[in-house]
Amino acid sequence: MQRLVEQFATLPGIGKRSAERVAFYLLKQPKAEADALADAIVKMKSSVRQCSTCCNISESDPCPTCADTERDTSTILVVEEPKDVVVFEQTGLYKGLYHVLMGRLAPLDGVGPGALTIEPLLRRVKAKGVREVILGTTPTLEGDGTALHLQESLVNLGVNVTRLARGLPTGAPLDLVSKAVLGDAIHGRRRFES
Ligand SMILES: [Zn+2]
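Mapped onto this note's numbering, the consecutive letters of the sequence shown carry residue numbers 2 to 195.
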């Protein structure tokens with residue numbers, strides 16, 4: 002029990018008391034439930050990897066999107082999280098490739114550029130063939146700061162840098178924004194001006 006509590010307590014957002022609660026909850030569950038949880042963790046680590054091109058999580062490398070020869074490889078839409086890719090894919094309106102930052106700059110929380118997948122993005126752009134990078138970070142203070150940092154990093158690489166149009170409500174997570182609004186945001190994107 003003690004070992005389990007210690008393990009849970011290492012998870013983000015879970016303190017010692019929550020860890021104890023979860024451990025006791027599992028103790029009372031049927032064995033099959035606990036087995037299913039343990040199995041899901043083991044399978045996740047052995048089957049999910051990161052696409053070496055777009056940095057999205059995937060069961061294959063390259064991921065299905067990067068491997069899709071029908072996609073427009075000259076355009077990269079930069080988003081914060083894997084779930085943002087899902088949201089854009091659901092609109093069916095975007096045919097280019099993605100780049101997943103795995104977060105956004107948060108200087109106050111100690112999240113600097115090195116914690117994000119910015120270097121792999123710059124490598125993709127430098128490798129030529131990319132004409133446009135669309136900054137699709139969320140319209141929040143941190144998302145905007147991340148976009149500004151990216152624009153400054155990309156500006157001298159000979160690529161068009163655009164930002165999604167501001168139909169997006171400020172602060173709204175992308176997965177809560179309607180398809181129509183996201184579609185407008187893609188089509189109405191503008192040259193990035195800092
Ligand atoms: Zn990929």
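We put the beta carbon where it would ideally sit given N, CA and C, even for glycine.
field: For Leu98: DSSP bridge partner residues
entry: Ile77
message: So for Gln51, helix, strand or coil by DSSP?
response: strand
message: Just to confirm, is the Cβ distance from Val134 to Val79 under 8 Å?
response: yes
task: Spell out the partners DSSP gives Ile42 in its beta bridges.
output: Paired residues: none, contrary to the question.
task: Could you please go through the chain and list the residues whose beta-carbon is closer than 6 Å to any non-hydrogen atom of ligand 1?
output: Cys52, Thr54, Cys55, Asn57, Pro63, Cys64, Thr66 and Cys67
message: Distance check for Ala24 and Ala181, CA to CA, integer angstroms please.
response: 43 Å
- prompt: Would the beta-carbon of Leu151 fall within 8 Å of that of Lys127?
  reply: no
- prompt: Rounded to a whole number of angstroms, what is the C-alpha to C-alpha distance between Ala68 and Ile15?
  reply: 37 Å
- prompt: Less than 8 Å separating the beta-carbons of Arg190 and Thr163?
  reply: yes
- request: Look at Gly130 and Thr74 and say whether their C-beta atoms are less than 8 Å apart.
  value: yes
Endpoints, the beta strand (DSSP E) within which Leu151 is located: Premise fails: Leu151 lies in the alpha helix (DSSP H), Leu142 to Leu155, not in any beta strand (DSSP E).
query: Between which two residues does the alpha helix (DSSP H) harbouring Arg18 extend?
result: Lys17 to Lys29
- request: Just confirm the distance between the C-beta atoms of Cys64 and Met103, as a whole number of angstroms; I'd bet it's less than 8 Å.
  value: The Cβ separation is near 14 Å, so there is no contact.
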